[in-house]
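**Student:**
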Amino acid sequence: MNPPLIWVTRTEPQASVTAQALRARGFEVVNDPLLEVEPLSPDIDVARFAHIIATSINGLKAFTRQYATRHQTVWAVGDATAREAREAGFNTVHSARGDVEDLIRLLKAEAPQGPLLYPQPETPARDLTAALSGFDLHPVLFYRTVGRDAPDARAQIAAITHILLYSPRGAQACAPYLSGATARVLCISEATAQRLREHLNFTGNLPSAGLNIEVAASPDEEALFARL
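The sequence shown runs 482 to 709 under my numbering.
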């Protein structure tokens with residue numbers, strides 16, 4: 482019996498880290514991201530910000546790539562982003578250990594004082610300005626994600642047994658590849674699964690159609706791996 486063949490769809494450089502971890506566990510991998518990150522170069526006075534809101538590793542990396550200041554307190558969406566912040570040199574880091582809704586709840590509970598910088602993507606999945614209306618929040622466009630072709634995945638789609646999806650945007654990009662696919666589609670969050678269903682005109686799991694859409698128990702990679 483052949484080992485499962487897993488399509489890693491997330492952006493680089495995280496995709497290669499994920500692929501390596503899966504291969505170490507004995508899985509075959511198609512590492513073919515559906516999106517790529519284009520960092521931007523906003524010109525702002527970062528020294529005046531007391532806090533940074535990091536809803537993703539990509540946003541944090543976009544900040545640290547351009548600016549050397551590390552005095553801010555980082556409020557991270559999850560443990561992987563928090564770990565990235567510590568490795569980048571930030572001393573005070575808080576993790577919401579979940580998704581963006583958990584991060585919003587953490588910020589409301591802790592109520593940090595002072596201006597908060599949000600290095601956001603061009604198309605954020607959640608409007609933090611509305612969710613954090615009482616905060617001194619400053620969203621600044623730091624990066625965009627753009628679609629890319631995934632020729633390796635397209636060529637092997639009939640053999641792929643599992644697809645890992647890490648964001649609603651990734652789910653939307655994945656939908657056109659799934660015609661005729663037979664796979665378990667493992668989504669990091671319900672929002673990701675819902676976006677996929679919307680673009681496939683699916684409601685819930687439809688194994689008879691060749692796809693089984695599943696949601697990780699928690700919004701992190703280990704929970705995704707646990708479903709393999």
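Cβ atoms here follow ideal geometry from the backbone N, Cα and C, with glycine treated the same way.
For the alpha helix (DSSP H) containing Ala-606, list its first residue and its last residue.
**Tutor:** Segment: none, Ala-606 is in no alpha helix (DSSP H) and carries neither H nor E.
**Student:** Taking the beta carbon of Gly-685 as the centre, do at least 16 other beta carbons fall within 10 Å, making it buried, or is it exposed?
**Tutor:** Reliability fails at Gly-685, whose pLDDT of 42 lies under 50, so the model's placement of it is uncertain and no value is given.
**Student:** Which same chain residues, not among the five before or five after Thr-573, have their C-beta less than 6 angstroms away from its C-beta?
**Tutor:** Closer than 6 angstroms at Cβ, skipping near neighbours: Thr-554.
**Student:** Between which two residues does the alpha helix (DSSP H) holding Arg-546 run?
**Tutor:** Segment 538-547, the alpha helix (DSSP H) holding Arg-546.
**Student:** What's the C-alpha gap between Phe-544 and Glu-695?
**Tutor:** When rounded, the distance between both Cα atoms is 33 angstroms.
**Student:** Let's test the definition: count the other Cβ atoms within 10 Å of the Cβ of Pro-484 and tell me whether it reaches 16, buried, or not, exposed.
**Tutor:** Exposed: under 16 other Cβ atoms inside 10 Å.
**Student:** Measuring alpha carbon to alpha carbon, tell me which residue in Val-581, Ala-531, Ala-656 is nearest Ser-699.
**Tutor:** The candidate whose alpha carbon is nearest that of Ser-699 is Val-581.
**Student:** Check the C-beta distance from Val-621 over to Tyr-599 and give it rounded, since I have them as a contact under 8 angstroms.
**Tutor:** With a Cβ gap of about 7 angstroms, Val-621 and Tyr-599 count as contacting.
**Student:** For Val-581, name the three-state secondary structure that DSSP assigns.
**Tutor:** Looking at Val-581 - three-state DSSP - the assignment turns out to be helix.
**Student:** How would you label Leu-584, buried or exposed, when you count the other beta carbons within 10 angstroms and need 16 or more for buried?
**Tutor:** Answer is buried; the Cβ neighbour count reaches 16.
**Student:** From the DSSP output, read off the bridge partner residues of Glu-695.
**Tutor:** Partner(s): Leu-667.
**Student:** Along the alpha helix (DSSP H) that carries Pro-649, what are the first and last residues, could you check?
**Tutor:** Here the alpha helix (DSSP H) through Pro-649 covers 649-655.
**Student:** Would you kindly work out how many angstroms separate the C-alpha atoms of Gly-661 and Leu-645, rounded to a whole number?
**Tutor:** If I take the Cα positions, the gap works out to 17 angstroms.
**Student:** Within 10 angstroms of its Cβ, does Lys-542 collect 16 or more other Cβ (buried), or is it exposed?
**Tutor:** So Lys-542 counts as buried.
**Student:** Grouping DSSP H, G and I as helix and E and B as strand, with all else coil, what is Phe-616?
**Tutor:** In this structure, Phe-616 counts as coil in the three-state DSSP scheme.
**Student:** At a cut of 8 angstroms, does the stretch 605-619 reach the stretch 585-595 through at least three beta carbon pairs?
**Tutor:** With a cut-off of 8 angstroms, the stretch 585-595 and the stretch 605-619 count as touching, because enough Cβ pairs lie within range.
**Student:** Is there at least one Cβ from chain C nearer than 7 angstroms to Ala-592's Cβ?
**Tutor:** The displayed structure is made up of one protein chain only, and chain C is not part of it.
**Student:** Take Thr-673 as the anchor and find which of Val-518, Ala-606, Glu-568 has the nearest alpha-carbon.
**Tutor:** Among Val-518, Ala-606, Glu-568, the Cα nearest to that of Thr-673 belongs to Ala-606.
**Student:** Could you check whether Thr-492 and Pro-514 sit closer than 7 angstroms to each other, using their CB atoms as the reference points?
**Tutor:** Contact flag set, yes.
**Student:** CB-CB under 6 angstroms to Trp-488, same chain, minus the five flanking residues each way: which ones, in chain order?
**Tutor:** Val-511, Ala-634, Ile-641, Ile-644.
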